[in-house]
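Protein chains in written order, with the numbering used here: chain A, 997 to 1343; chain B, 997 to 1343; chain C, 997 to 1343.
Quick reminder that beta carbons are idealized off the backbone N, C-alpha and C, glycines included.
Reading through the C-alpha cells given below for one structure.
This is the structure:
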C-alpha cells in the first residue's frame, strides 16, 4: 500500500436499466444510499446486469441521473467489451465516448469487462485516452478498471499489473462467473472452486503495481431454511473476510446489505485502530524524549513496522473524509479524534 | 472452450510391453475396450510404464497392433525424453521417427514426457515436424502433447501454452510423481501434496491457449479393509471430481475401471444436459417469436450465457459421434434425440 | 535437486546485537550451538532482529566473533536493504563491504531482505560482486540469498530464479511479515494467510533454478494453557512439515528448539533411509548379476526412480559430513555405515 490511500472497500454494481416502470429504480436507489449502505465505488452497469434490449436506456439513465445526485464516493460505469468479439468492443467504445462527452466530470473512470491479454487491456486504455482527448479532459483524468474473468487476462495478470503501475489502470476486479465458464469449471455438488491461486495472485500483482484488487460478486443473496427466506449474511461475510485476509482491498456488492458488510469488514476494526493509534502516540513520545531505541510494548518499531500502524490510521482518515457518517458510527468519538490529530511522520 | 470440441475425458496409458507370455496383453486389452471402458485417448506407453529392456518390443507391439484394431478414440503413443539427458531425447527422436514412418496414419500425435522450459518443448515440436516432413505427412497432422512434470515446465507453463496456441501442441498433462521427486516433495504421513496451484494454472493456461488439460495418474488402485482387497473407487472419483471442478478437461487412467469413472465424471450429467437443452429450446422459441429481451426462467440470456448452454450440448454431441454406446447408455433416448437435433446458433 | 547437495535445513537468525550487558549474547549462543541445535545456516541479523541504534554494534559483533568460533555450518549475515528506500540500500552496501573486507573468508554469503523486482536483485548481486572484487576474492566466492517479502519480488519470482540459475544467488527465503503488510493481509481471528500459492511457487522456482527454498519464521514461540507457559512445539512442527511436504529445502528458525525440530524434519527419516539404502543395495546386486530388467520389490527401477533413492542417501551423507553428531544420534550405526559405503552409480 502506498501513502496515498485510494478506497474501494465496496464495488457496488447497479443495473443501469431494469424492466420496471421506473427503469432507473436500482441506479437511483444506489445514488441515494446513505451511511454504511453507501459504497465507495458505485458502478452503473450497462453490461451483464442490464438486458440486451435495455442497454441504450441504461446509458441514458446513467448520463441523466449521475449528475443529479451528490454521491460522495466514486462513479465507475461498466461498459460492454469482449476480447473475442469486435462487436462488443465497438459498443464499449461508443459507450465510453458518450460517457466522457456527457458526464466526464462526474465519473472517475470506466470498468471494462472480459479483457484478454495485455494487448487487449492496452487497447481499452487507448479507447479511454481517445475519448478523454476528444472531449478536452486532461490526460489520465478518466481511469480504467478491468474485470479479470478470462484465461488470457489471468495468464497475463503480472504483465497487465506492471502496465498498470504507469497508466490509468486503477483496479483489478475478479469475475468468477465468466471465468469458470471459460475454464470449464463445474459445480459437482459442493459449489464452484474459490480459485485461491487467482485471488492470491490478484492481491499480489495489485500490490506490486500499486493497484486496487477487488473480489468477485456473491449472488446467493437469499437463503431458505425452516420455512423462512432470509438474507444470506453469513456466507457473504465469509467470502469478504477471506478476501480481506488475503489483502484484497475491497469486495463486490450486489445489494445494500452486502455493501454494509463489505464496508465494515474492509475498514480497520475499533481494536485495530485503538492499537495502532496507541503505538504511534507512544512512538511520537519516544521521539520527543529522544530515546534512541524505539521499542514499544516489547516490539521494536522500525520504519516498516511504523508504516503498518500508519496505514491503519490513513485508511480511517480516508474513510472519514468521504464517509464521516460511517466513521462516526463505527468508532468512539475520542478515538476518532485521536486518529484525526495524530502526527504521522517517522523521522 | 472453443466451438470445436476436442475430447480427452480419459487419457489411458497402457504399457506397450510387459514381461508376460503375451507382452502386448495390456495394449491389446485397451485397444479392444468397449462402452464406458473405452478411453478417449489411448496412450501406448514406451516410457515409465515399460521396463528398460522391453522398450524396443513395446515399440514393435505398438506399430504392429494399433493398425489391427478399429479403436474409435485417439491414439497417442508416449515416447522417451528428458530435458536433462540427451540420451533419452535421442531415443525419443528415433521412436517418433519410427511411429510416424510406420503408423503415421493411425496415430493422432505423440506424448513427450519430462520436458523442460519452452525451448525444450519447441525442440520436441521440431522433432515431430521433421518426422512428419520426412515421411510425407501434411504439416500439423501429427500432434504433440506434453507431460508437465518438471520445475522448468511448470515455471514456463504460460509461455509453453502461448506457444501451444499456434502450434501442434494439443494437451498439457500433469505428471505428479516425477514432479514431486524433482521438487523434493515428501509424504509425511498424510499423502503427497495435491499441488493445487499447479492444477489451477494448468486449467487456466490450457484455456488461454486453447489446449486440453489433463490431471495426473492415481496409482493406489486397490484398497484393503476388513480382510477384503477391492478397487479404490472413492479415492479416484474424488481426485477426478476435483480436477473436473477446476475445469480440467480430462483425467489420467491406468485401469479400465478408472476409465469408466473418468469418462462419466467428465461428461455432462443427465441433469446438466436436460437443463441446457431446455434453455436453448426456450431461447430458440423466444427468437422465433421475436420477443426482444431474452429472459429464460428468470435468467437473462446474453451471448456468454448462451455459450455455456451450447457447450454442454456440443460436448455430448462430440461424445455421441465417437462413443454412441456411452451416450445411449447414459442419457434417456428422448433427451439425447433433442440434444442431437437442436439449433445451436445465437443470432 | 542436483547431485551436488547443498544443505539448508535450518536458516537460524540470531540478532547481532541486543540491549543486554553482553550485546552478542544470542549470536555467541548460536555460534556455540551443538548437536541438533546447530543450524545448517547461521544468520547474524543486522536487519529487523536488531534495533536501529544497535545495528553498528551488531556489525562489529559479527566481524569480531564469527572468526573466533569453529562453526561447522554456513555463515550468512543479513544486512539492510529496501527496494523502495535508497537509504537502506546504502547501509546494506556499506555492511556488505565491511563484512567481505573483514571476514570474507569466514562467510558463505550475505542475505539481502526486501528486494523488489529482478532489477533490484541484480543490483544487490552487483554490490556483492563489487565488494568481492575490491577485496580480492574470486568471482562467485561470496553468495547472495534473498528474502522474498514484497509484491514485486513475488511477481518476478520466476525471472529472479532464472537469473539465479547462473549467478551467485543461492537461496530464496520467504518473509511473511513484511509480505502480509505490503499486500494488506489481515488476521481476522483465524490467523494470517499461509500464502499457499507463494510457497508452491517458491518450491517450484527454486527447483527450476537449482536454488534452495526456505520457509518463513514462526514467532509464536510460547503458548499458555491451564496456567502453564510452554514451548509451542506442535504449531512449529506443523508449519515445518507443511514446508517439507511442498519440497522446501529448509525452514527458518528463531530459537534453538526450533532448530532441533527443523533439522529433524528436513532430514530423511530412519525408515526413508533404510528403504532407499535397501533399494540401492538390491539394485547393485541385480546389476552385478546382469539381470536385464531391474525390478525391485515389484517396482521397476528406471533412472528417475534410482535418483530419488540416491538423493536420500546423498542428503544423509551431506549432513554426516558437517554434522556427524546428528546422523550418529538419529540413525542406527549399522544403517549409517551402509549409507556411507554404498555405490551410487546407475550405470
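In its chain, beyond the 5 residues on either side, 1014 have a beta carbon closer than 7 Å to the beta carbon of residue 1021 of chain B. If you look at residue 1033 of chain C, you'll find it isn't in any alpha helix (DSSP H); DSSP assigns it neither H nor E. Under the DSSP assignment, residue 1214 of chain B falls outside any beta strand (DSSP E); it carries neither an H nor an E label. If you draw a straight line from the Cα of residue 1027 of chain A to the Cα of residue 1096 of chain A, it is about 19 Å long.
Scanning chain C for C-beta atoms nearer than 7 Å to the C-beta of residue 1237 of chain A yields 1184, reported in chain order. Proximity of chain B to residue 1077 of chain A at the Cβ level (cut-off 8 Å) is not reached, the minimal Cβ distance being about 12 Å. Of B:1204, B:1281, B:1269, B:1129, the smallest CA-CA separation from residue 1329 of chain B is found for B:1269. The Cβ-Cβ distance between residue 1192 of chain B and residue 1192 of chain A falls below 9 Å. Annotated as proximal: residue 1038 of chain B and residue 1069 of chain B, with beta-carbon spacing under 9 Å.
Residue-level contact check: residue 1176 of chain A touches chain B, since one or more beta carbons of chain B fall below 9 Å from its beta carbon. Assignment of beta-bridge partners to residue 1248 of chain B by DSSP yields B:1007. By the 16-neighbour rule on beta-carbons within 10 angstroms, residue 1226 of chain B is exposed. The stretch 1137 to 1144 of chain C and the stretch 1178 to 1188 of chain C do not touch, with fewer than 3 CB-CB distances between them shorter than 8 Å.
Distance from the Cα of residue 1158 of chain B is smallest, within the candidate group A:1148, A:1341, A:1050, for A:1148. Taking 8 Å as the Cβ-Cβ cut-off, the stretch 1029 to 1060 of chain C approaches chain A at 1044, 1047, 1048, 1049, 1050, given in chain order.
According to the DSSP secondary-structure assignment, residue 1219 of chain C is paired through a beta bridge with C:1226.
Between residue 1240 of chain B and residue 1206 of chain B a beta carbon distance of about 19 Å is seen, past the 8 Å cut, so the two are scored as non-contacting.
Within the stretch 1131 to 1148 of chain A, 1147, 1148 place their CB atoms closer than 7 Å to a CB of chain B, listed in sequence order. Residue contact with chain B for residue 1199 of chain C: present (Cβ-Cβ distance below 9 Å to some residue of chain B).
Taking residue 1051 of chain B as the centre and dropping the five residues before and after it, the same chain places the C-beta of 1042 closer than 6 Å to its C-beta, in chain order. Around the Cβ of residue 1187 of chain A, a 10 Å sphere holds fewer than 16 other Cβ atoms; the residue is exposed. Sorting C:1326, C:1081, C:1171 by C-alpha distance to the C-alpha of residue 1266 of chain C places C:1326 at the top. The DSSP-derived three-state label of residue 1040 of chain B is strand.
Residue 1281 of chain B is not a Cβ neighbour of residue 1342 of chain B, given a cutoff of 9 Å.
For residue 1170 of chain C, the uninterrupted beta strand (DSSP E) segment begins and ends at 1165 to 1170.
Here the alpha carbon of residue 1250 of chain B sits roughly 7 Å from the alpha carbon of residue 1010 of chain B. Under a criterion of Cβ atoms nearer than 8 Å, the residues of chain C adjacent to residue 1191 of chain B are, in order, 1196.
Flagged as an interface residue toward chain B: residue 1154 of chain C, by a C-beta distance shorter than 9 Å. Taking the Cβ atoms as the reference, residue 1032 of chain C lies roughly 7 Å from residue 1260 of chain C, within the contact range of under 8 Å.
Think of a sphere of 7 Å around the beta carbon of residue 1151 of chain B: the chain C residues whose beta carbon falls inside it are 1154, 1200, 1201, 1204, in chain order. For the pair residue 1179 of chain A and residue 1202 of chain B, the Cα-to-Cα distance works out to about 8 Å.
By alpha-carbon distance to residue 1169 of chain C, the top candidate from C:1212, C:1054, C:1088 is C:1212. Within 7 Å of the CB of residue 1304 of chain A, the CB atoms of chain C belong to 1177, in sequence order along the chain. Residue-level contact by beta carbon fails for residue 1280 of chain B and chain A, as no gap is shorter than 9 Å.
With a threshold of 16 other beta carbon atoms within 10 Å, residue 1218 of chain C falls short and is exposed. Runs of the beta strand (DSSP E) lying entirely within the stretch 1115 to 1186 of chain C and spanning at least 3 residues, in chain order: 1139 to 1144, 1165 to 1170.
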